[in-house]
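K.L.:
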Amino acid sequence: MRGNQTKLFCLIGDPVEHSLSPKMINAAFREMGKDCVYLAFRVRKEDLGITIKGLKALGFLGCNVTIPHKVSVKEHLDSIDESARLSGAVNVISNSAGELIGYNTDGAGALKALEAGGGRLSGANVLILGYGGAARGVAFEIAQKGNPAELAISGRSLSKALSLAREVSALAPAHAIPLSGCREARADIIINCTPVGMWPKINVSLLKAEDLGANCTVMDLVYNPLETELMRLARLRGCKIISGLEMLVQQGARAFEIWLGEPAPIDVMRRALSGDAALQPGWKLS
Ligand SMILES: NC(=O)c1ccc[n+]([C@@H]2O[C@H](COP(=O)([O-])OP(=O)(O)OC[C@H]3O[C@@H](n4cnc5c(N)ncnc54)[C@H](OP(=O)(O)O)[C@@H]3O)[C@@H](O)[C@H]2O)c1
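For the sequence shown, numbering that gives the first Met the number 0 gives the first residue as 0, with consecutive numbering after it.
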């Protein structure tokens, strides 16, 4: 860091104390020899507008946005791209010559993580659990780029699942099913886009072992613990499992590319998170 030349990046959210993004992104900057630094700021809901103005005034080049600001931040930006418009949420902001542009890299990150984990989307029956910000990003990305045979959306509210399925069906065949009907969906790929199973309530899963076919690929967006209850059930069933940590790396890599316009050192970012030092209270390796 040279100080007055250093380019600034950050995460805003509440809470941010346990975020792994600073460790991962700063490792990428170091590897690429960039004079850049990435910090995490706890920002309360009522301070969001003034924070965004401040980031612009101070010349921050980029920012990640997490809960609870992913939706409300849109109104403070100059524009949003197609990924943010479709998902309705922003998790990356780029400062392009003073103009703040919002993006959503969750869907792209999930698709990359699925590919990296050997999940085959083309022609697959895909079951998405949840219909929130991440689920929307994942569903639209898969519908646009994954060429699935069918997308099923499920969750504890069938009407909310139906509403997302209706929107997505403009791009790919999609329907909604109740959680109790997930076994009959015969999904090839299941993606949990809800926080169910996240630390500290780690012994719960939206699906039972019998809902999972043995040839199914199961990805959980939750990465704390590294193996969720859903992933444990899937592993015992013989399914292929993909951790949310890989998606975290892939969406972070996409953010790096948006900010700096060059490929991110993905292996370095992955290694930064896999060491013991990255484990937070509540993390569990098996
Ligand atoms: N790995 C990654 O890189 C990555 C990236 C983004 C998000 N995530 C994780 O993905 C999860 C969802 O994030 P999000 O931004 O989409 O949150 P969100 O917009 O708040 O949506 C949450 C979704 O989960 C459902 N849900 C919440 N509690 C539930 C419960 N007890 N039982 C059943 N469904 C429940 C909600 O349905 P209702 O409306 O019915 O409550 C909604 O569909 C979080 O755990 C987040 O940390 C991971």
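Glycine included, every Cβ here is placed at the ideal spot set by N, Cα and C.
If you're wondering where the values come from, they're calculated on a predicted model, not measured in any experiment.
Going by C-alpha distance, which of Ala-26, Arg-135, Val-167 and Arg-119 is nearest Thr-104?
P.N.:
The shortest C-alpha separation from Thr-104 is found at Arg-135.
K.L.:
From what residue to what residue does the alpha helix (DSSP H) around Leu-161 run?
P.N.:
Start and end: 157 to 167.
K.L.:
Do Met-268 and Ala-109 count as a contact pair if the criterion is CB distance below 8 Å?
P.N.:
No.
K.L.:
Using DSSP's beta-bridge definition, name the partner residues of Leu-211.
P.N.:
Beta-bridge pairing links Leu-211 to no other residue.
K.L.:
Within a Cβ cutoff of 6 Å, which residues of the same chain sit near Ile-201, ignoring the five residues on either side of it in sequence?
P.N.:
Cβ within range, chain order: Pro-224.
K.L.:
Please state the DSSP three-state secondary structure of Ala-186.
P.N.:
Looking at Ala-186 - three-state DSSP - the assignment turns out to be coil, as it is neither helix nor strand.
K.L.:
Check whether the Cβ of Met-268 sits closer than 7 Å to any heavy atom of ligand 1, and report yes or no.
P.N.:
No - ligand 1 has no heavy atom lying nearer than 7 Å to the Cβ of Met-268.
K.L.:
Going by DSSP, name the residue or residues bridged to His-75.
P.N.:
His-75 pairs with nothing; no bridge assigned.
K.L.:
Grab the span of the beta strand (DSSP E) containing Ala-115 for me, first residue to last.
P.N.:
It is not in any beta strand (DSSP E) - Ala-115 instead sits in the alpha helix (DSSP H) that spans 105 to 115.
K.L.:
Please find out if some non-hydrogen atom of ligand 1 comes closer than 7 Å to the beta-carbon of Gln-143.
P.N.:
Every heavy atom of ligand 1 is 7 Å or more from the Cβ of Gln-143, so no.
K.L.:
Following a CB-centred definition, is Thr-193 positioned closer than 7 Å to any heavy atom of ligand 1?
P.N.:
Yes, since a heavy atom of ligand 1 falls inside the 7 Å radius drawn around the Cβ of Thr-193.
K.L.:
Between Glu-149 and Cys-35, what straight-line distance do the alpha-carbon atoms span, to the nearest angstrom?
P.N.:
Taking the straight line from one Cα to the other gives about 43 Å.
K.L.:
How many angstroms separate the CA atom of Lys-6 from the CA atom of Leu-272?
P.N.:
Taking the straight line from one Cα to the other gives about 23 Å.
K.L.:
How big is the Cα-Cα spacing for Gly-32 and Leu-163?
P.N.:
Their Cα atoms are separated by approximately 43 Å.
K.L.:
To the nearest angstrom, how far is the alpha carbon of Glu-81 from that of Phe-139?
P.N.:
Straight-line Cα distance between these residues: approximately 10 Å.
K.L.:
Any heavy atom of ligand 1 closer than 7 Å to the CB of Ala-26?
P.N.:
Not so, every heavy atom of ligand 1 lies at least 7 Å from the Cβ.
K.L.:
Between Ala-142 and Gly-131, what straight-line distance do the alpha-carbon atoms span, to the nearest angstrom?
P.N.:
In a straight line, the C-alpha of Ala-142 is about 16 Å away from that of Gly-131.
K.L.:
Output the distance between the C-alpha atoms of Ser-71 and Arg-253, rounded to the nearest integer angstrom.
P.N.:
Straight-line Cα distance between these residues: approximately 22 Å.
K.L.:
Does the Cβ of Met-246 lie closer than 7 Å to at least one heavy atom of ligand 1?
P.N.:
Checking the Cβ of Met-246 against ligand 1 gives yes.
K.L.:
Quick one: does the C-beta of Leu-220 sit closer than 7 Å to a heavy atom of ligand 1?
P.N.:
Result yes, Cβ under 7 Å from ligand 1.
K.L.:
Which of the three DSSP states is assigned to Gly-61 in this structure?
P.N.:
Note: Gly-61 maps to strand in three-state DSSP.
K.L.:
Go through its chain and collect everything with a Cβ distance to Ala-112's Cβ below 7 Å, but skip five positions before and after it.
P.N.:
Closer than 7 Å at the Cβ level, and outside the excluded window around Ala-112, lie Met-218, Ile-241, Glu-245, Met-246 and Gln-249.
K.L.:
Bridge partners of Met-218, per DSSP?
P.N.:
In DSSP, Met-218 forms a bridge with Ile-190 and Ile-241.
K.L.:
Taking only the alpha-carbon atoms, compute the straight-line gap between Ile-24 and Phe-255 and give it to the nearest angstrom.
P.N.:
C-alpha separation (whole angstroms): 8 Å.
K.L.:
Check for me: the alpha helix (DSSP H) holding Arg-29 runs from which residue to which?
P.N.:
That run of the alpha helix (DSSP H) goes 20 to 30.
K.L.:
Taking 8 Å as the cut-off, decide whether the C-beta atoms of Val-64 and Ile-92 are in contact.
P.N.:
Contact flag set, yes.
K.L.:
Identify whether Ala-276 lies in helix, strand or coil by the three-state DSSP scheme.
P.N.:
Confidence in Ala-276 is poor, its pLDDT being 41 and thus under 50, which makes the residue's placement too unreliable to answer from.
K.L.:
How many Å lie between Ala-123 and Glu-16 at the Cα?
P.N.:
So the two alpha carbons sit approximately 38 Å from each other.
K.L.:
My assumption, with CB atoms under 8 Å, is that Leu-170 sits in contact with Arg-155. Please give the rounded CB distance.
P.N.:
Between Arg-155 and Leu-170 the Cβ distance is about 25 Å, and since that is not below 8 Å, they are no contact.
K.L.:
Closer than 8 Å by C-beta to Pro-232: which residues in its own chain qualify, once you throw out the five before and the five after it? Chain order, please.
P.N.:
Reading the sequence as shown, one finds Leu at residue 232 and not Pro. Once the five neighbours on either side are set aside, the close Cβ partners of Leu-232 are Ser-204, Leu-206, Lys-207, Ala-208 and Leu-211.
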